[in-house]
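Going down the list, the protein sequences come from chains W and R. Per my numbering, the very first residue in the first sequence carries number 3; after that it's consecutive. Per my numbering, the very first residue in the second sequence carries number 3; after that it's consecutive. All C-beta atoms in this analysis are idealised placements derived from N, C-alpha and C, irrespective of residue type, glycine included.
There are 2 protein chains.
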Amino acid sequence: MRVVVDAMGGDHGLQVVVEGAVAAARDGRAVVLVGRESDITAELTKYSGVSGIEVIHASEVIEMHEHPASAVRQKKDSSIVAGLRLIKEGKANAFFSAGNSGAVMAGALFTLGRIEGVHRPAIGGVLPLLHGQVFLADIGANADCDPQNLLQFAQMGAAYMEHVFGLQRPRVGLISNGEEETKGNALVQGTLPLLKRSGLNFIGNVEGKDITRGAADVAVCDGFTGNVILKLAEGMQELILGLVREAIMSKPIYKIAGAILRPGLRAAGRRLDYAEYGGAPLIGVRGAVFIGHGRSNARAIANGIHAASRAAEGGLIQRLEGSLVAVGTGA
Amino acid sequence: MRVVVDAMGGDHGLQVVVEGAVAAARDGRAVVLVGRESDITAELTKYSGVSGIEVIHASEVIEMHEHPASAVRQKKDSSIVAGLRLIKEGKANAFFSAGNSGAVMAGALFTLGRIEGVHRPAIGGVLPLLHGQVFLADIGANADCDPQNLLQFAQMGAAYMEHVFGLQRPRVGLISNGEEETKGNALVQGTLPLLKRSGLNFIGNVEGKDITRGAADVAVCDGFTGNVILKLAEGMQELILGLVREAIMSKPIYKIAGAILRPGLRAAGRRLDYAEYGGAPLIGVRGAVFIGHGRSNARAIANGIHAASRAAEGGLIQRLEGSLVAVGTGA
Numbered sequence: 003m004r005v006v007v008d009a010m011g012g013d014h015g016l017q018v019v020v021e022g023a024v025a026a027a028r029d030g031r032a033v034v035l036v037g038r039e040s041d042i043t044a045e046l047t048k049y050s051g052v053s054g055i056e057v058i059h060a061s062e063v064i065e066m067h068e069h070p071a072s073a074v075r076q077k078k079d080s081s082i083v084a085g086l087r088l089i090k091e092g093k094a095n096a097f098f099s100a101g102n103s104g105a106v107m108a109g110a111l112f113t114l115g116r117i118e119g120v121h122r123p124a125i126g127g128v129l130p131l132l133h134g135q136v137f138l139a140d141i142g143a144n145a146d147c148d149p150q151n152l153l154q155f156a157q158m159g160a161a162y163m164e165h166v167f168g169l170q171r172p173r174v175g176l177i178s179n180g181e182e183e184t185k186g187n188a189l190v191q192g193t194l195p196l197l198k199r200s201g202l203n204f205i206g207n208v209e210g211k212d213i214t215r216g217a218a219d220v221a222v223c224d225g226f227t228g229n230v231i232l233k234l235a236e237g238m239q240e241l242i243l244g245l246v247r248e249a250i251m252s253k254p255i256y257k258i259a260g261a262i263l264r265p266g267l268r269a270a271g272r273r274l275d276y277a278e279y280g281g282a283p284l285i286g287v288r289g290a291v292f293i294g295h296g297r298s299n300a301r302a303i304a305n306g307i308h309a310a311s312r313a314a315e316g317g318l319i320q321r322l323e324g325s326l327v328a329v330g331t332g333a
Numbered sequence: 003m004r005v006v007v008d009a010m011g012g013d014h015g016l017q018v019v020v021e022g023a024v025a026a027a028r029d030g031r032a033v034v035l036v037g038r039e040s041d042i043t044a045e046l047t048k049y050s051g052v053s054g055i056e057v058i059h060a061s062e063v064i065e066m067h068e069h070p071a072s073a074v075r076q077k078k079d080s081s082i083v084a085g086l087r088l089i090k091e092g093k094a095n096a097f098f099s100a101g102n103s104g105a106v107m108a109g110a111l112f113t114l115g116r117i118e119g120v121h122r123p124a125i126g127g128v129l130p131l132l133h134g135q136v137f138l139a140d141i142g143a144n145a146d147c148d149p150q151n152l153l154q155f156a157q158m159g160a161a162y163m164e165h166v167f168g169l170q171r172p173r174v175g176l177i178s179n180g181e182e183e184t185k186g187n188a189l190v191q192g193t194l195p196l197l198k199r200s201g202l203n204f205i206g207n208v209e210g211k212d213i214t215r216g217a218a219d220v221a222v223c224d225g226f227t228g229n230v231i232l233k234l235a236e237g238m239q240e241l242i243l244g245l246v247r248e249a250i251m252s253k254p255i256y257k258i259a260g261a262i263l264r265p266g267l268r269a270a271g272r273r274l275d276y277a278e279y280g281g282a283p284l285i286g287v288r289g290a291v292f293i294g295h296g297r298s299n300a301r302a303i304a305n306g307i308h309a310a311s312r313a314a315e316g317g318l319i320q321r322l323e324g325s326l327v328a329v330g331t332g333a
């Protein structure tokens, strides 16, 4: 599996992307760094004895603030567009970028196209839990959705978890404002009958607390709700660890106990760290495309490359395509 | 201020409601317990020297699983409907129930009606933060909303925070999937121009992390999103404190440090405990009506009575009514 990495993407610049790529290559991944060749090569000279990294020149860069669709149309030699073209041409198997996520989405749609039958591709996100994880879709590609979109997110999400995480018949939940079938907004009310007839292992509506308790392996919602959930989860983590820190600092004896506990608390925090989970897959486009957090550090980049490489193994696209069984809206 | 308390509401039964009412009365609140008189009186005999509690008989009970609107229509002598009637008749100033929240909402609409000009009342919720708190509306009354609804939630939410928390020109945020003005679903896109022209202290779109960092005093969204947020916040709290607990149990030396830290961690956890924050106000009905968490313990009940009593002081309804300035949708 050859993984194309957008060398120009991410808030922390080229050095961090190259550092992550080197780490992944040392773990045996085949990496193609796409971007300004001279800058990448200069950066690579800092590391000795690295094999498995190829560099391909792309002269343009899509910045974080640029309008996705027009940037993708105008900058055909950007690292994002040129990198995705390598997938299209069969020269590589997977793509990872921590850059402008809208541009990656638009670029993937223009360059690779959708999987046959997909109405709207989604961004999937893995939310780590106390035991295991939950796959959320959509986490931001489609702010407004219809029931058919959510049905497809559920089908592709379940196929993804089977394929990449090896789960058998993953439990699928529909995110709602209450577990009862009478709850939900118009979208949820319209989606519920489709999921019940889908043949998926559908467990019904799930609330915020069901999600964090691991009730579902796949939880579906529109991209607005999913994005709010993901960012609130990050915010709550920051808030609660801040409270724990304040508690530790409030008394000298607590400070001592806190110093002893620090490595344990740090390990606990790492279990929720996005950097361990390697980016969010774009599900529904014709290729294994992963979007990393803009804030990605080198570990996050390396884990993103690993995730993209693993996902591309053994026919992910065929698997997703096969999951799209039509479900009628009628009785 | 006389606060009517639904003696029959809450998952933990009458004893817990009475215990909370006794605690509030001992702190100087005037409480009217409404429900099965003989049961309430029997329970009250357990406490000696309590003054400030009146008991009013209501023969019926609306159970948690009943359909709100039909239960309210049929059970006119339920503790919820009879209790709200006391507000309508001017015999008491505020109402608190930890019972069927849909029935409280429906009962308040039927019995008290809406504040002049309000399209849809909302449920407001206080989310405690590291420093201060944020008032979220709607957290569940209206799963689907239009921009005018959200405008009114913002206006009433700001007036509520001024009136009850004494904030000057509270900062109002619009919950979205990104801070940029181009982000948002159709509802957010339609609401943004209204809030910009509202004369409120509007700070723009806020994401999950902005909310937990305290960027806004009032954050508005539809009741579906608000409910998901509130329940996810509870779920994340449980998840992260579970991780901290696992970390402490993972090594003997951590267990010792954890035992020393326990009171501090417990105090930190209490800062996020819903029980400290006294229930969720129904904003937009003609009365100070508070809904408690079904799981309310006695402390939560007592704090709910305090919050309802404080809110009813000094003309809350007039204040909310005065906040409803019309904002045109045109340019």
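Where residue i falls: helix, strand or coil (DSSP)
i, result
"residue 116 of chain R", "strand"
"residue 59 of chain R", "strand"
"residue 72 of chain W", "helix"
"residue 305 of chain R", "helix"
"residue 136 of chain R", "strand"
"residue 333 of chain W", "Bear in mind that the predicted position of residue 333 of chain W carries a pLDDT of just 49, short of 50, making it too unreliable to give a figure here."
"residue 100 of chain W", "coil"
"residue 95 of chain R", "coil"
"residue 206 of chain W", "strand"
"residue 16 of chain R", "helix"
"residue 313 of chain R", "helix"
"residue 143 of chain R", "coil"
"residue 328 of chain W", "coil"
"residue 217 of chain R", "coil"
"residue 131 of chain W", "coil"
Run of the beta strand (DSSP E) containing residue i, from where it starts to where it stops
i, result
"residue 82 of chain R", "Note, residue 82 of chain R: premise wrong, no beta strand (DSSP E); alpha helix (DSSP H) at 81-90."
"residue 123 of chain R", "Premise fails: residue 123 of chain R is in no beta strand (DSSP E) and is neither H nor E."
"residue 7 of chain W", "4-8"
"residue 40 of chain R", "Taken as a continuous stretch (DSSP letters only), residue 40 of chain R belongs to no beta strand (DSSP E), being part of the alpha helix (DSSP H) at 39-46."
"residue 284 of chain R", "282-285"
"residue 64 of chain R", "Careful: residue 64 of chain R lies outside any beta strand (DSSP E) and carries neither H nor E."
"residue 221 of chain W", "220-222"
Own chain, CB closer than 8 angstroms to residue i, minus 5 neighbours either side, in chain order
i, result
"residue 325 of chain W", "157, 158, 160, 161"
"residue 285 of chain R", "123, 124, 125, 126, 139, 155, 158, 159, 162, 322"
"residue 5 of chain W", "26, 31, 32, 33, 34, 94, 95, 96, 97, 98, 307, 310, 311, 314"
"residue 185 of chain R", "178, 179, 207"
"residue 203 of chain R", "160, 171, 172, 173, 174"
Cβ neighbours of residue i in the same chain (closer than 7 angstroms, five flanking residues each side left out)
i, result
"residue 271 of chain R", "243"
"residue 328 of chain W", "none"
"residue 77 of chain R", "62, 64, 83"
"residue 249 of chain W", "256"
"residue 121 of chain R", "150, 151, 154"
"residue 198 of chain R", "204"
C-beta contact flag for residue i and residue j at 8 angstroms
i, j, result
"residue 129 of chain R", "residue 269 of chain R", "no"
"residue 175 of chain W", "residue 224 of chain W", "no"
"residue 241 of chain R", "residue 131 of chain W", "yes"
"residue 230 of chain W", "residue 210 of chain R", "yes"
"residue 52 of chain W", "residue 42 of chain W", "no"
"residue 217 of chain W", "residue 259 of chain R", "no"
Per-residue burial, residue i [other beta carbons within 10 Å of its own, 16 or more giving buried]
i, result
"residue 72 of chain R", "exposed"
"residue 10 of chain W", "buried"
"residue 94 of chain R", "buried"
"residue 265 of chain R", "exposed"
"residue 254 of chain W", "exposed"
"residue 333 of chain W", "At residue 333 of chain W the pLDDT is 49, less than 50, meaning the model places this residue with poor confidence and gives no usable figure here."
"residue 295 of chain R", "buried"
Delimiting residues of the alpha helix (DSSP H) encompassing residue i
i, result
"residue 229 of chain W", "225-251"
"residue 172 of chain R", "Neither: residue 172 of chain R is in no alpha helix (DSSP H) and is coded neither H nor E."
"residue 319 of chain R", "318-325"
"residue 266 of chain R", "254-272"
"residue 189 of chain R", "188-198"
"residue 213 of chain R", "210-214"
"residue 52 of chain R", "Taken as a continuous stretch (DSSP letters only), residue 52 of chain R belongs to no alpha helix (DSSP H), as it is neither H nor E."
Same chain only: Cβ atoms within 6 angstroms of residue i, ignoring 5 sequence neighbours per side
i, result
"residue 15 of chain R", "none"
"residue 147 of chain W", "224"
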